[in-house]
Amino acid sequence: MHMIGTSGAGDGHDAESQRKERVRFEHESLPQRVRFASGEAAAMVRAEVERVSASRVMVIAAAAEAEPAEKVTAGLRVVLRWSDVAMHVPVGVAERARAAATGHAVDCVVSVGGGSTTGLAKAIALTSGVPIVAVPTTYAGSEATSVWGLTEKGRKTTGVDARVLPRSVVYDATLTVSLPVPMSVASGLNALAHCVDSMWGPRADPIDRALAEEGIRALATGLPAVVADPSGLPGREQMLYGTYLSAVAFSSAGSGLHHKICHVLGGAYDLPHAQTHAVVLPYVLAFNAPAAPEAERRIAAAFGAGSAIEGLQRLRHAVDAPKALRDYGLNEADVEGAVQPILDAMPDGNPRPVTAGDLRRLLRSAWQGTDPRTMTDDEET
Ligand code: NAD
């Protein structure tokens, strides 16, 4: 049971109705240490590795992140450096990394990179139970969830397991200044999507919504600052702070409509993860928000906008966000094939029922990149 109004925003009527609302929910906080200090990753990682009493460390970092990873892990007893990383963690890549970790009797994995790198560390922890110290360099947020993902023959499987939750997360914004602006924008909107879906995910509760609202505020402040000054730390710090909040909220609330759509599209058509989220989000928000007044109010308040969709679109315009799925490899004919798998995966608790016709309209609009506010209901379902 969830559903409580807790927003500070709103008119007298909202305050009056909130006074009468009852509060009842279940929420699980995940056990994890978080350290946040720009420029201090090496010292923080050393302390966190000591905390888990590890002496045989495996460092995972893609080739592009090898140099910062070396600096961050200086002073550790590293027995294995691993750079074979691929998006969505193909099973073959996971198996090679697991065998190497076992062969070197690794007792801790330090991952330095985006969601793909964290994902490989999780694949190792899933079968071995070794602790992870995660050092994220994008805004994917995987470091703060207990969700793992593996891909085999084009099919992505995900699951939840306490063993894959990193014991510690080390946030150092200096490690993100090299993330190119277009990737920063797409990845930042991926984090924003975690916040928005946390408003109505199947287990969404008042704590998730409070975290998500503050996450949106931080991301909406940070992203334009990153675009204006990619090497400036204040914007990068807001982004990592918002990323963490978004992921904690999302891990608790579970995948809502937005994530189910992106999961099907990403898995079936091999679309890039962050960009797919960035494109689809406004269409899901435009579809759901009219039927979710509390989410609408909180998201609008977080953006400081008249409505949730107006706030999101203003941000997307300001940062030149990815616009259309056709720009990222989806063919028009693929839209139809995605409809039924999404319907089959429909999460509980969506604010309004979803028909095949709704999905067709939503996906077609996202494919073309038309204004989400003009999605109409006039087509046959
Ligand atoms: P990614 O990790 O694949 O990184 C994208 C690109 O950016 C890569 O080429 C990478 O080398 C580069 N990069 C990363 N950090 C950089 C930096 N600081 N400077 C320059 N280049 C940098 O992409 P992502 O969007 O971070 O992660 C996507 C993956 O994470 C997907 O597989 C997705 O399913 C997974 N994910 C999992 C969860 C979860 O909870 N399990 C949550 C979100 C995403």
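When we follow numbering that gives the first Met the number 0, the leftmost residue of the sequence shown carries the number 0, and every step to the right adds one. From the three backbone atoms N, C-alpha and C, an ideal C-beta is built for every residue, glycine too.
Q. With burial defined as no fewer than 16 other Cβ atoms inside 10 Å of the residue's Cβ, what is the status of Val22: buried or exposed?
A. Mapped onto the sequence shown, residue 22 falls at position 23. Burial state of Val22 is exposed, judged by a 10 Å Cβ sphere holding fewer than 16 other Cβ atoms.
Could you give the DSSP three-state label for Lys152: helix, strand or coil? Against the sequence shown, residue 152 aligns to sequence position 153. In the three-state reduction of the DSSP assignment, Lys152 falls in the coil class, being assigned neither a helical nor a strand state.
Exercise for the section: Put Thr72 into one of helix, strand or coil per three-state DSSP. Expected result: Numbered from 1 along the sequence shown, position 73 holds the residue referred to as residue 72. Correct three-state label for Thr72: coil.
Exercise. What whole-angstrom Cβ distance do Arg296 and Ala252 have, given they're in contact under 8 Å?
Worked result: For the purposes of this step, residue 296 is taken as the residue at position 297 of the sequence shown. For the purposes of this step, residue 252 is taken as the residue at position 253 of the sequence shown. With a Cβ gap of about 17 Å, Arg296 and Ala252 do not count as contacting.
- With DSSP run on the structure shown, which of helix, strand or coil describes Met86? On the sequence shown, residue 86 is found 87 positions in, with the first residue counted as 1. For Met86, the three-state secondary structure derived from DSSP is coil.
Quick check on the DSSP output: the beta strand (DSSP E) that includes Ser81 runs from which residue to which? Residue mapping note: residue 81 aligns to position 82 of the sequence shown, counting from 1. A small correction: the amino acid at residue 81 is Trp; Ser does not occupy that position in the sequence shown. Annotation for Trp81: the continuous beta strand (DSSP E) segment containing it runs Val77 to Trp81.
- request: Go ahead and pull the three-state DSSP assignment for Val223.
  value: For the purposes of this step, residue 223 is taken as residue 224 along the sequence shown, with counting starting at 1. The sequence as given places Pro at residue 223; Val does not occur at that position. Reduced to three states, the DSSP call for Pro223 is helix.
Original post:
Which residues in the same chain as Ser37 place their Cβ atom closer than 7 Å to its Cβ, once the five residues preceding and following it in sequence are excluded?
Top reply: Numbered from 1 along the sequence shown, position 38 holds the residue referred to as residue 37. Around Ser37: Asp171, Ala172, Thr173, Leu232 and Glu236.
Candidates Met198, Ala161 and Asp269: which alpha carbon is nearest Ser145's?
The residue you call residue 145 lines up with position 146 of the sequence shown. Taking Ser145 as reference, the option from Met198, Ala161 and Asp269 with the minimal CA-CA separation is Ala161.
(message) For a test of your reading of the model: does the CB of Ala82 fall under 6 Å from any non-hydrogen atom of the ligand NAD? Yes or no.
(response) Against the sequence shown, residue 82 aligns to sequence position 83. Note that residue 82 corresponds to Ser in the displayed sequence, not to Ala. No; taking the cut-off as 6 Å, the Cβ of Ser82 has no heavy atom of the ligand NAD nearer than that.
Q. Just reading off the alpha helix (DSSP H) that Ser52 is part of, what are its end residues?
A. Stepping through the sequence shown from its first residue, residue 52 is reached at position 53. For Ser52, there is no enclosing alpha helix (DSSP H), as DSSP marks it with neither H nor E.
inquiry  = Does the distance between the C-beta of His272 and the nearest non-hydrogen atom of the ligand NAD fall short of 6 Å?
reply    = For the purposes of this step, residue 272 is identified with residue 273 of the sequence shown, where counting begins at 1. At least one heavy atom of the ligand NAD is nearer than 6 Å to the Cβ of His272, so yes.
*Which residues in the same chain have their Cβ closer than 6 Å to the Cβ of Val247, if we skip the five residues on either side of it in sequence?*
By 1-based counting over the sequence shown, the position of residue 247 is 248. Hits under 6 Å: Ala143 and Leu210.
Could you round the C-beta distance between Met57 and Tyr138 to whole angstroms and report it? I think they count as a contact, below 8 Å. Position 58 of the sequence shown, counted from the first residue, corresponds to residue 57. Position 139 of the sequence shown, counted from the first residue, corresponds to residue 138. With a Cβ gap of about 24 Å, Met57 and Tyr138 do not count as contacting.
* State the Cα-Cα distance for the pair Tyr381 and Glu309, rounded to the nearest angstrom. => Nothing about residue 381 can be reported from this structure: the residues present for the chain run from 0 to 380 only.
- Query: Can we count Leu125 as close to the ligand NAD, meaning its CB is less than 6 Å from some heavy atom?
  - Reply: Start at 1 with the first residue of the sequence shown, and residue 125 comes out as number 126. For the ligand NAD, not one heavy atom lies less than 6 Å from the Cβ of Leu125.
Suppose contacts are defined by Cβ-Cβ distances below 7 Å. Is Ala301 in contact with Ile215 by that definition? The count along the sequence shown starts at 1 and reaches residue 301 at position 302. The count along the sequence shown starts at 1 and reaches residue 215 at position 216. The answer is yes: Cβ separation under 7 Å.
Is the CB-CB distance between Ala41 and Ala73 below 7 Å?
-> Numbered from its first residue, the sequence shown carries residue 41 at position 42. Numbered from its first residue, the sequence shown carries residue 73 at position 74. In this structure, Ala73 lies closer than 7 Å to Ala41 by Cβ.
* Taking Cβ positions only, does Ala40 come closer than 7 Å to chain B? -> Among the chains in the structure shown there is no chain B, since it carries only a single protein chain.
| Rounded straight-line distance, which links the Cα of Pro229 to that of Ile59 | As a working note, residue 59 is residue 60 in the sequence shown. As a working note, residue 229 is residue 230 in the sequence shown. Distance between the alpha carbons of Ile59 and Pro229 is about 25 Å.
Taking all protein chains shown into account, decide if Ala122 is buried (16 or more other Cβ within 10 angstroms of its Cβ) or exposed. Numbered from its first residue, the sequence shown carries residue 122 at position 123. Burial call: buried.
ask   = Between Val408 and Val105, is the Cβ-Cβ spacing less than 7 Å?
value = Limits of the chain in this structure are 0 at one end and 380 at the other, which puts residue 408 out of reach.
**Prompt:** Roughly how many angstroms lie between the CA atoms of Ala224 and Gly234, to the nearest whole one?
**Reply:** Here residue 224 is taken as the residue at index 225 of the sequence shown, counted from 1. Here residue 234 is taken as the residue at index 235 of the sequence shown, counted from 1. About 5 Å.
How would you write the range of the alpha helix (DSSP H) that Gly310 sits in, first residue to last? Here the question's residue 310 lines up with position 311 in the sequence shown. It spans Ala307 to Ala317 - the alpha helix (DSSP H) in which Gly310 sits, taken as one unbroken run.
- Query: Helix or strand or just coil, what does DSSP make of Ala285?
  - Reply: Here residue 285 refers to the residue found at position 286 of the sequence shown. For Ala285, the secondary structure class from DSSP, reduced to helix, strand or coil, is helix.
### Message
Whether or not the segment 47 to 56 and the segment 176 to 192 are in contact is what I'm after, with contact meaning three or more pairs of Cβ atoms, one per stretch, closer than 8 Å; do they touch?
### Response
Flag = no, the segment 176 to 192 and the segment 47 to 56 do not touch.
(message) Mapping the DSSP letters down to three states, classify Pro135 as helix, strand or coil.
(response) If you number the sequence shown from 1, residue 135 lands on position 136. Three-state DSSP puts Pro135 in a strand.
Worksheet item: Which value, in whole angstroms, describes the spacing of the CA atoms of Arg80 and Thr101?
Response: Along the sequence shown, read from residue 1 onward, the residue named residue 80 stands at position 81. Along the sequence shown, read from residue 1 onward, the residue named residue 101 stands at position 102. Approximately 13 Å between the Cα atoms of the pair.
Exercise. Just to check, is the beta-carbon of Ala365 closer than 6 Å to a non-hydrogen atom of the ligand NAD?
Worked result: Within the sequence shown, residue 365 is the residue found at index 366, counting from 1. Answer for Ala365: no, Cβ out of range of the ligand NAD.
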